[in-house]
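For the sequence shown, my numbering begins at 9 and goes up steadily by one. No residue lacks a Cβ here, since even glycine has one placed at the ideal position from N, Cα and C. The model shown is predicted, which means the values in this text are computed figures rather than measured ones.
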Amino acid sequence: MPHKISCIKFVDELTEEGRIIGAINTIYFSNSPSLARKRYIGTNTDCIGIRDAFQKTFSGIDDKSAGRPALVVGAGGTARAAVYALWKYFDVTEVFMINRFVSEIEELRSSMLAAGCTLKVTAVTTLQQADSLEVPGLFVGTVPDIPAESAEGLHARDLVSAMLQKLTSSEGVKGGFLLDMCYHPKPQTTLIELASKHGWQTVYGMEAVKYQAVVQNHLWS
């Protein structure tokens with residue numbers, strides 16, 4: 009859904025999730041006598057899908073990820089929902105972000121902070137920085153499963169690989185849990201396969217889609 013941010017201008021109201029995330033994937037309506045028509049409300053259910061995909065797949069994940077950083081790959085609408093979910097539902101210390109363009113991370117950080125999200129967001133930009141960071145407990149991928157071609161894309165891929173390898177190269181780590189929101193052309197994405205090789209416990213993006221769809225169905229019923 010490439011229009012999660014741009015379609016905000018077409019709704020009358022945003023829920024807290026839609027307002028803070030700054031991207032919506034669901035529009036529902038309520039009666040509005042003052043407008044003499046239905047009132048269109050925008051919200052984001054991806055954050056619920058992300059929460060439930062983690063919590064309903066992995067027993068004890070809240071305790072195992074508490075007090076640790078998290079990692080999000082990408083900086084679009086789904087990445088915004090991931091940051092919100094990590095801030096709202098998990099006791100993470102900060103979120104590391106990897107993206108082809110750092111400017112998009114900076115824009116996400118500033119706009120979500122202005123909207124009330126106080127979670128610290130740190131852009132990962134070099135391999136030296138990646139090597140120095142604590143191993144994240146939660147990892148959310150939000151980008152398409154296509155081969156990197158540009159210099160920026162190749163560099164981002166190398167940063168992701170470096171962060172994944174930290175799980176097996178670090179001592180005393182409780183483990184790591186990875187959700188890839190991409191499920192096309194197949195749920196077993198390149199990221200899922202690479203993460204599994206390095207000891208991460210993984211969950212397919214279709215699980216998040218399933219859980220957020222339950223919320224959507226309730227709003228539309």
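Three-state secondary structure assigned by DSSP to residue i
i: Q63; result: helix
i: K128; result: strand
i: E157; result: coil
i: D71; result: helix
i: N33; result: coil
i: R165; result: helix
i: T86; result: helix
i: N39; result: strand
i: T23; result: coil
i: I13; result: coil
i: K194; result: coil
i: T176; result: helix
i: V151; result: coil
i: G50; result: strand
i: V181; result: coil
i: A203; result: helix
i: A221; result: helix
i: A216; result: helix
i: A170; result: helix
8 Å Cβ cutoff met for residue i and residue j
i: A203; j: T210; result: yes
i: Q196; j: I56; result: no
i: R27; j: A138; result: no
i: A78; j: G145; result: yes
i: R108; j: E160; result: yes
i: A31; j: R59; result: no
i: V100; j: S119; result: no
i: L289; j: V143; result: What the structure shows of the chain is the stretch from 9 to 229, and residue 289 is not part of that stretch, so it cannot be assessed.
i: L135; j: D166; result: yes
Interface flag, residue i vs chain C, CB-CB below 8 Å
i: I13; result: Going by chain labels, chain C is absent from the structure shown, which holds only one protein chain.
Exposure label - residue i; buried when at least 16 CB within 10 Å
i: P155; result: exposed
i: V129; result: buried
i: W228; result: exposed
i: F18; result: exposed
i: N225; result: exposed
i: R117; result: buried
i: V80; result: buried
i: A164; result: buried
i: L186; result: buried
i: L199; result: buried
i: N33; result: buried
i: A44; result: exposed
i: V222; result: exposed
i: G184; result: buried
i: G213; result: buried
Residue i: CB within 7 Å of a non-hydrogen atom of the ligand MG
i: D60; result: Questions concerning the ligand MG fall outside what the structure shown contains, since it holds no ligand whatsoever.
Meets three-Cβ-pair contact criterion under 8 Å: the stretch 97-113 and the stretch 13-32
no
Are at least three pairs of beta-carbons, each pair with one atom in the stretch 66-75 and one in the stretch 150-170, less than 8 Å apart?
no
Count the C-beta pairs between the stretch 74-87 and the stretch 143-151 that are closer than 8 Å, then say yes if the count reaches three, no if not.
yes
Please determine if the stretch 47-60 and the stretch 15-25 are in contact, where contact requires at least 3 C-beta pairs separated by less than 8 Å.
yes
Just to confirm the assignment: which complete beta strand (DSSP E) runs, minimum length 3, are found wholly within the stretch 91-147?
102-106 and 128-131
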